[in-house]
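Scroll down for the structure; my scribbles are underneath it.
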Amino acid sequence: SPIKQLNLDNQYDIIVLVNGGGLTGQTDAIRLGVARLLCQMNPENRSILKPFGFLTRDARIKERKKYGLRKARKAPQYSKR
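Numbering (our numbering), first residue to last: 7 to 87.
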């Protein structure tokens with residue numbers, strides 16, 4: 007985590023409320039939020055956290071449903087005859 011990377015384990019007590027997404031998405035969102043906060047407090051932290059990927063947002067989003075398909079890519083069952 008960003009706090010452990012900066013050796014600030016005992017200096018901060020963080021309480022977080024998250025909505026939506028899954029467990030992994032929520033933990034990644036918390037990690038990103040904490041890292042951004044630490045960079046706001048001290049801009050020098052950015053150069054330490056960036057190589058570890060703490061400041062990178064996961065850009066994957068749900069693909070839109072296309073017409074003629076059941077979901078984004080799932081097509082109806084094909085019948086030869």
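C-beta: ideal position from N, C-alpha, C; glycine also.
Please read all numbers here as calculations on a predicted model, not as lab measurements.
Original post:
Taking 7 angstroms as the cut-off, is the CB of Ile21 close to at least one heavy atom of the ligand GDP?
Top reply: Inclusion of the ligand GDP in the displayed structure is not the case, the ligand content being empty and no account of it being possible.
Original post:
Should Ala78 be labelled buried (16 or more other beta-carbon atoms within 10 Å of its own) or exposed?
Top reply: Here residue 78 refers to the residue found at position 72 when the sequence shown is read from its first residue. Classification of Ala78: exposed, given that the 10 Å Cβ count is below 16.
**OP:** Can you grab the Cα-Cα spacing for the pair Thr30 / Gly39, in whole Å?
**Re:** Along the sequence shown, one-based indexing puts residue 30 at 24. Along the sequence shown, one-based indexing puts residue 39 at 33. Roughly 14 angstroms between the two C-alpha positions.
Subject >> Exposure of Pro173, with buried meaning 16 or more beta-carbon neighbours within 10 Å >> reply: Not covered by the structure: residue 173. The range shown for the chain is 7 to 87.
Original post:
If you count every other CB in all the chains shown that lies within 10 Å of the CB of Leu55, and 16 or more means buried, which is it?
Top reply: Translated into the one-based positions of the sequence shown, residue 55 becomes position 49. It is buried - the Cβ of Leu55 has at least 16 other Cβ atoms within 10 Å.
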